[in-house]
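Residue numbers (this note's numbering), protein chains in the order written: chain A, 837 to 950; chain B, 28 to 141.
C-beta atoms are modelled at their ideal positions from N, C-alpha and C, and glycine is treated no differently.
Computed from a predicted structure; not experimentally measured.
Let me begin by presenting the structure, written as structure tokens, before commenting on it.
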Amino acid sequence: DAGVIQSPRHEVTEMGQEVTLRCKPISGHNSLFWYRQTMMRGLELLIYFNNNVPIDDSGMPEDRFSAKMPNASFSTLKIQPSEPRDSAVYFCASRKTGFPYEQYFGPGTRLTVT
Amino acid sequence: DAKTTQPTSMDCAEGRAANLPCNHSTISGNEYVYWYRQIHSQGPQYIIHGLKNNETNEMASLIITEDRKSSTLILPHATLRDTAVYYCIADSSNYGGSQGNLIFGKGTKLSVKP
């Protein structure tokens with residue numbers, strides 16, 4: 837299995853631009869998670885989906901952030917407009933329903949907003 | 028989910044056992060203890076989990092005290108590649124509780140030295 841795939845791996849953009857991060861979960865996994873990691877705040881859960889349905893988006897910082905999962909094999913996290921404080925590493929993770937319950941993380945997207 | 032407490036950092040000599048402690052004094056009966064690690068610039072990686080009994084897999088061993096208020100992750104023969112941040116998490120996913128939205132703390136930064 838290829839594992840969780842994220843693209844792009846690195847993104848540099850200017851303040852005010854729209855940014856779209858992409859994730860392909862492991863085939864057969866029913867749940868998908870988006871995390872953000874910064875030095876100051878550590879690893880934070882932004883949103884997660886079960887069977888393509890958003891379950892908890894309480895971690896999404898602002899209305900500038902939105903996430904979609906149109907099908908079981910693809911999800912996007914969009915920031916519009918982007919701001920310098922959005923600079924972070926964004927991780928996508930997936931897991932399957934049923935035992936065992938561990939999450940599998942992708943390699944992350946390093947976002948820099950100038 | 029119960030709060031966990033870990034030392035900020037630890038050192039270990041290469042080839043020796045690394046014992047990483049975790050306190051979870053408020054853990055409830057249906058919460059499992061999960062361990063993940065994050066090697067620099069990579070996504071977190073699942074290591075092991077347990078409920079009551081000690082567990083062992085190809086990566087590590089997990090020792091949980093009888094009262095379940097603390098646990099120790101053991102890397103039997105640490106190598107330089109085990110240098111990472113190790114996270115201990117109490118989660119009730121196995122009972123369908125938290126749906127798997129893991130709460131990552133600061134973790135323990137383990138440095139394996141030659």
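Verify whether the separation of the beta carbon atoms of residue i and residue j is less than 8 Å.
i: arginine 845 of chain A; j: alanine 924 of chain A; result: no
i: lysine 96 of chain B; j: asparagine 50 of chain B; result: yes
i: asparagine 866 of chain A; j: threonine 933 of chain A; result: yes
i: aspartate 118 of chain B; j: tyrosine 63 of chain B; result: no
i: arginine 900 of chain A; j: glutamine 916 of chain A; result: yes
i: glycine 944 of chain A; j: glycine 70 of chain B; result: yes
i: threonine 110 of chain B; j: leucine 137 of chain B; result: yes
i: isoleucine 91 of chain B; j: asparagine 84 of chain B; result: no
i: threonine 135 of chain B; j: threonine 35 of chain B; result: yes
i: leucine 947 of chain A; j: valine 855 of chain A; result: yes
Go to residue i, then tell me how far its beta strand (DSSP E) extends in each direction, as first and last residue.
i: phenylalanine 868 of chain A; result: At residue 868 of chain A the sequence reads leucine, which differs from the phenylalanine that was named. It spans 867-874 - the beta strand (DSSP E) in which leucine 868 of chain A sits, taken as one unbroken run.
i: lysine 932 of chain A; result: Counting along the chain, lysine 932 of chain A falls outside any beta strand (DSSP E), and DSSP gives it neither H nor E.
i: threonine 135 of chain B; result: 135-140
i: tyrosine 63 of chain B; result: 59-65
i: glycine 878 of chain A; result: 878-886
i: phenylalanine 901 of chain A; result: 901-907
i: aspartate 892 of chain A; result: 889-892
i: aspartate 38 of chain B; result: 36-40
Across which residues does DSSP place residue i in a beta bridge pair?
i: phenylalanine 927 of chain A; result: A:Tyr871
i: leucine 47 of chain B; result: B:Leu100
i: valine 840 of chain A; result: Its beta-bridge partners do not exist; DSSP assigns none.
i: threonine 856 of chain A; result: A:Lys914
i: glutamate 847 of chain A; result: A:Leu947
i: glutamate 919 of chain A; result: Paired residue(s): none; glutamate 919 of chain A is not in a bridge.
Using the beta-carbon count (16 or more within 10 Å), is residue i buried or exposed?
i: glutamine 939 of chain A; result: buried
i: serine 918 of chain A; result: buried
i: glycine 864 of chain A; result: exposed
i: arginine 877 of chain A; result: exposed
i: lysine 140 of chain B; result: exposed
i: methionine 905 of chain A; result: buried
i: alanine 87 of chain B; result: buried
i: isoleucine 67 of chain B; result: Looking at the sequence provided, one finds histidine at residue 67 of chain B rather than isoleucine. Exposed, since its Cβ has fewer than 16 Cβ neighbours within 10 Å.
i: glutamate 93 of chain B; result: exposed
Can you give me, in chain order, the residues of the segment 857-891 of chain A that have a beta carbon less than 9 Å from any beta carbon in chain B?
-> Under the 9 Å Cβ criterion, the segment 857-891 of chain A contributes Ser867, Phe869, Tyr871, Gln873, Gly878, Leu879, Glu880, Leu881, Tyr884, Asn886, Ile891.
Between the segment 913-942 of chain A and chain B, which residues of the former have a C-beta closer than 8 Å to a C-beta of the latter?
-> Within the segment 913-942 of chain A, the residues whose Cβ lies closer than 8 Å to some Cβ of chain B are Phe927, Ala929, Arg931, Phe935, Pro936, Tyr937, Glu938, Gln939, Tyr940, Phe941, Gly942, listed in chain order.
What residues in the segment 71-98 of chain B have a beta carbon less than 8 Å from any beta carbon of chain A?
-> Taking 8 Å as the Cβ-Cβ cut-off against chain A, the residues of the segment 71-98 of chain B that qualify are Pro71, Gln72, Tyr73, His76.
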